[in-house]
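Worksheet for the structure shown next.
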Amino acid sequence: MKQTIQEVLGNNPYPGRGILIGQVGDCAVTAYFIMGRSESSRNRIFAVSEDGIVTKAYAPGEMENPSLLLYAPVRKLGDTLIVTNGDQTDTVYDGMEQGGSFAWALRKREYEPDAPHYTPRISGVLQFQGGAFSYTLSILKRGEGDVCLRNFFEYEAAVPGVGHLIHTYQGDGNPLPSFSGEPKTIALEGDIDTMTKTLWETLNQDNKVSLFVQYVNLTSGNTETRIMNKREGK
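Those letters in the sequence shown? Residues 8 to 241, per the numbering used here, in order.
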C-alpha cells in the first residue's frame, strides 16, 4: 500500500538519515536527508562536489568525530547513481568501477561502530538504461551476537508515481532503534520544487539538518538538483 511522505515521516521525530528513490512522470527521483541530535551532527551542510555532493562542517572548529559525519552521500559513475549514508559510497563506487556489483561491494562493509546505536548503513543505486532505470536499496544492520544482517531490495523497473523510502531509525530513543521491515512504498507527485518543499517541511523542525533532491529526465537526460541546509537558513 502506498503512503504519503507526510504519513511516513510526519509523526517520526527522528528517522535519522533517509534515502528515497522512485519516479515522477518521466523523471527519476532521488532524495537523501540527514538529521542530528548532537551539536556535531547538526553542524553540517551539503555541498556540491565534482560527481555528486559531500557533507561538510558548517563550523569546522566545532566538529567532533568527523569520520562518521563527513562523507560523500551521492556520487555518479557513468550511468549509475550511488547514494548512501556514509563512506560506503566510495566502497560501492570503487567496487562497481572494478566491474563488481552493488551487493558485492557492500559485502565488504557492515553497520557503523557507533555503540550503543550501531547505526545501520543504508545505500541505494539507480542504474539508467535506454530511457528507463532500475534501482536497489540496501540496509546493513546489527543482529543478535553482533552479526551483520544484510538486506537488499531490488526494483527491476521504476513505476511512475511510486517511490521507496528507507531510513536508519524507527524513531527517537536511547539507544536509537534501527529501521525494520521493507522500505516504505511512497506515493510520489509534483515537480522538484514541490517534492523538496514537501520533504523539507515534513522532516522534524528541531532535528532536520540537510536535504538533497535530484530529478533526472529520462527522455532528455537533463538533471535538476535542490539542496536545503538548515544551518544556512534555507
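Don't be surprised by glycine CBs; every beta carbon is placed ideally from N, CA and C.
Checklist entry - Once you ignore the five residues that flank K9 on each side, which residues in its own chain have a CB closer than 7 Å to its CB? => result For K9, where only same-chain residues beyond five positions count, the Cβ hits under 7 Å are V169, T192, I193 and A194.
Item to check | Pick from L75, N92, S74 and P73 that is closest to R82, judged by C-alpha positions | outcome: Here the closest residue by C-alpha is N92.
Checklist entry - Which ranges would you report for the beta strand (DSSP E) in the region 83-163 if only whole runs of at least 3 residues count? => result Taking only runs of at least 3 residues, the beta strand (DSSP E) segments lying wholly in the region 83-163 are 87-91, 128-136, 139-149 and 155-162.
Checklist entry - Is L147 closer than 8 Å to Y125 when the C-beta atoms are compared? => result In this structure, L147 does not lie closer than 8 Å to Y125 by Cβ.
Checklist entry - So G43 packs on N214, CB below 8 Å; how close in whole Å? => result About 6 Å; that satisfies the 8 Å criterion.
Item to check | Residue of Y176, I173, Y142 and N72 minimising C-alpha distance to Q30 | outcome: Comparing Cα positions, the closest option is Y142.
Checklist entry - Do you know how far the Cα of S45 is from the Cα of A64? => result Near 13 Å, if we compare the C-alpha coordinates of S45 and A64.
Checklist entry - Taking R149 as the reference, which of G178, A165, L183 and F160 has the closest Cα? => result Sorting G178, A165, L183 and F160 by C-alpha distance to the C-alpha of R149 places L183 at the top.
Checklist entry - Just curious, the beta strand (DSSP E) that T37 is in, first and last residue? => result From DSSP, the beta strand (DSSP E) with T37 extends over C34 to M42.
Checklist entry - With burial defined as no fewer than 16 other Cβ atoms inside 10 Å of the residue's Cβ, what is the status of P22: buried or exposed? => result Result: buried.
Checklist entry - From E69 to S48, what does the alpha carbon distance come to, in whole angstroms? => result Computed Cα separation, rounded: 10 Å.
Checklist entry - Which value, in whole angstroms, describes the spacing of the CA atoms of A66 and P190? => result For A66 and P190, the distance between alpha carbons rounds to 34 Å.
Checklist entry - First and last residue of the beta strand (DSSP E) that includes E231? => result Its beta strand (DSSP E) spans residues T230 to N236.
Checklist entry - Quick one, which of E104, P80, D198 and W207 has its alpha-carbon nearest K237's? => result Answer by Cα proximity: W207.
Checklist entry - According to DSSP, what are the bridge partners of Q10? => result For Q10, which the question treats as bridged, DSSP gives the partners I193.
Checklist entry - So, helix, strand or coil for L210, using DSSP? => result Residue state, collapsed to three classes: coil.
Next on the checklist: I'd like the span of the alpha helix (DSSP H) that includes S47, first residue to last.
Outcome noted: Residue range E46 to R49 is occupied by the alpha helix (DSSP H) that includes S47.
Checklist entry - Candidates P73, I89 and S217: which alpha carbon is nearest F36's? => result Note on identity: in this sequence residue 36 is Val, with Phe being the wrong assignment. That would be I89, whose Cα lies nearest to the Cα of V36.
Item to check | Spatial distance of K204 from Y162 (CA atoms) | outcome: The alpha-carbon atoms of K204 and Y162 are separated by roughly 26 Å.
Next on the checklist: Quick check on T62: does DSSP put it in helix, strand or coil?
Outcome noted: DSSP places T62 in strand when its eight states are reduced to three.
Next on the checklist: What does DSSP give as the partner residue(s) for P167 in the beta ladder?
Outcome noted: For P167, which the question treats as bridged, DSSP gives the partners Q30.
Next on the checklist: Just to confirm my understanding: we take F53, look at its own chain, exclude 5 residues before and 5 after, and list those with CB closer than 7 Å. What are they?
Outcome noted: Once the five neighbours on either side are set aside, the close Cβ partners of F53 are I60, T62, S217, F219, I234 and N236.
Item to check | Where S217 falls: helix, strand or coil (DSSP) | outcome: In the three-state scheme derived from DSSP, where H, G and I count as helix and E and B as strand, S217 is classed as strand.
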